Amino acid sequence: MDAQEIEALRRAALADLAAAADPDALEQARVAHLGRRSPLAAAQKELGALDADERRRVGALLNALKGDLTTAHAERRDELGAAALRERLEAERLDLTGPARRPRPGRPHLLTQVEHEIVDVFTGLGFRVAEGPEVESGRYNFDLLNIPPEHPARGTMDTIYVDETADVVLRTHTSPVQVRTMLTQEPPLAVVCPGRVYRADAVDATHSPVFTQVEGLLVAEGVSMAHLRGTLLAFARALFGDDREVRLRPSFFPFTEPSAEVDVSYASASGWLEILGAGMVDPAVLTACGIDPERYSGFAFGIGVERVAMLRHGVTDIRDLYDADARFLAAF
Ligand code: DAH
42 MDAQEIEALR RAALADLAAA ADPDALEQAR VAHLGRRSPL AAAQKELGAL
92 DADERRRVGA LLNALKGDLT TAHAERRDEL GAAALRERLE AERLDLTGPA
142 RRPRPGRPHL LTQVEHEIVD VFTGLGFRVA EGPEVESGRY NFDLLNIPPE
192 HPARGTMDTI YVDETADVVL RTHTSPVQVR TMLTQEPPLA VVCPGRVYRA
242 DAVDATHSPV FTQVEGLLVA EGVSMAHLRG TLLAFARALF GDDREVRLRP
292 SFFPFTEPSA EVDVSYASAS GWLEILGAGM VDPAVLTACG IDPERYSGFA
342 FGIGVERVAM LRHGVTDIRD LYDADARFLA AF
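Using the working numbering, the first residue of the sequence shown is number 42, and each one after it goes up by one.
And the structure:
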């Protein structure tokens, strides 16, 4: 092979390597020009047939050719690799100027929102938050609240007993937290007690065996029904609107005397909605809880959170508050 032929080989090989548009084509060009069956390999095999001078001269040319082709191949391989990377980056490019997908943050359930609103009204008036256990002794749930064993209220409350002989119940109301507070704190005291309560009621549009109350209790010297009324008026207006009025109707609870059902006026029509029970703490309850009824008096109230939530938001079936239907949840 003479120098001219070697130059022709070089040009053809470099052109093929440079023209290879992808890794497969490049590999074909490599096999064709640098592989075991390439003209270059054949020429190198034929070197042995040449005389020593010729062999040295042509051998050097072929080696130089092989070196150049190897370098050209490596360069083309790197170019193709870089191009592929650029292409991928382009394809996977993120458009950060596009509109963002809206996050859907979670939020408290309607019942929790209303419970917090109620509690906030009273903490704003200076009440503290107190809590008690849901598994409660009958003594706190009933006896110390002036509801003796044979009292009909025990039957009407459909108590769920945890252990009847040990007198352990699921609390039927949050009023036992009143007892716990009076047994451990000296007047003046003012607490609100939010929490779950339990009754063996069948489920329907207005009943659930588990529901939520916020109990209130204020004991100090010289507390009167007027303080109760003013406090409840502030509560009703905070939750239902500044134009609302409250009305106290005589009622009965074993732990208050006198007792009242409290109504809030409708916004539109001239009507009243019952929102809670309340009263002046019965002196017998104060005495049982170690507070001198000659010196102190107090008022108490019990708010049904579900009822307030339903009235305020036009919910007609209490089950909607527990079903976790996404359409309902999304509305609040
Ligand atoms: N404990 C009563 C109930 O669950 C609600 C209640 C009424 C609580 C009057 C009170 C109150 O503190 O004074 O039906």
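C-beta atoms are modelled at their ideal positions from N, C-alpha and C, and glycine is treated no differently. Every value quoted in this text rests on a predicted model; they were computed, and no experiment measured them.
Range of the contiguous alpha helix (DSSP H) that encloses residue i
i       : result
Tyr-181 : 179-182
Ile-47  : 44-60
Ser-273 : As written in the sequence, residue 273 is Leu, which differs from the Ser given in the question. Looking at the DSSP string, the run of the alpha helix (DSSP H) that includes Leu-273 is 266-281.
Gly-350 : The sequence given here has Ala at residue 350, not Gly. Its alpha helix (DSSP H) spans residues 346-354.
Asp-65  : 64-75
Leu-370 : 367-371
Thr-222 : 217-225
Glu-87  : 80-87
Any non-hydrogen atom of ligand 1 closer than 7 Å to residue i Cβ
i       : result
Phe-342 : yes
Phe-294 : yes
Ser-216 : yes
Glu-256 : yes
Ala-319 : yes
Ser-338 : no
Ser-265 : no
Thr-297 : yes
Ser-300 : yes
Opening and closing residue of the beta strand (DSSP E) in which residue i lies
i       : result
Leu-258 : 251-261
Thr-112 : It is not in any beta strand (DSSP E) - Thr-112 instead sits in the alpha helix (DSSP H) that spans 93-132.
Val-244 : No beta strand (DSSP E) contains Val-244, which DSSP labels as neither H nor E.
Val-303 : 297-306
Leu-211 : 209-211
Under the three-state DSSP convention, the category residue i falls into
i       : result
Leu-166 : coil
Pro-324 : helix
Val-287 : strand
Asp-361 : helix
Pro-189 : coil
Gly-236 : strand
Ile-316 : strand
Ala-231 : strand
Gly-343 : strand
Asp-204 : strand
Expected contact under 8 Å - CB spacing of residue i and residue j to nearest Å
i       : j       : result
Val-218 : Arg-360 : Between Arg-360 and Val-218 the Cβ distance is about 27 Å, and since that is not below 8 Å, they are no contact.
Pro-80  : Leu-110 : Pro-80 to Leu-110, Cβ: 11 Å. No contact.
Ala-241 : Asp-199 : 4 Å
Ala-61  : Arg-117 : 6 Å
Leu-58  : Ala-93  : That belief does not hold up - the Cβ atoms of Leu-58 and Ala-93 are roughly 33 Å apart, past 8 Å.
Val-298 : Met-266 : Note on identity: in this sequence residue 298 is Glu, with Val being the wrong assignment. Wrong, their Cβ atoms sit about 11 Å apart, outside the cutoff.
Glu-205 : Cys-234 : Contact flag wrong, Cβ pair sits at about 25 Å.
Ser-300 : Ser-292 : 5 Å
Gly-76  : Ala-82  : 7 Å
Val-326 : Leu-185 : 7 Å
Min CB distance residue i to chain C below 8 Å
i       : result
Pro-229 : You won't find chain C in this structure, because it holds only one protein chain.
- Message: With three or more C-beta pairs closer than 8 Å as the rule, is the region 330-349 touching the region 258-267?
- Response: yes
- Does the region 223-231 come close enough to the region 305-316 that 3 or more CB-CB pairs lie under 8 Å? no
- Item | the region 144-157 contacting the region 349-356, beta-carbon criterion three pairs below 8 Å | yes
- Query: Touching or not, the region 81-91 and the region 132-144, by the rule of three or more beta carbon pairs under 8 Å?
  - Reply: no
- Message: I want to know whether the region 121-136 touches the region 179-189 - three or more CB-CB distances under 8 Å.
- Response: no
- Message: Measuring CB atoms only, is the region 341-348 touching the region 155-163, in the sense that at least three cross pairs come out at less than 8 Å?
- Response: yes
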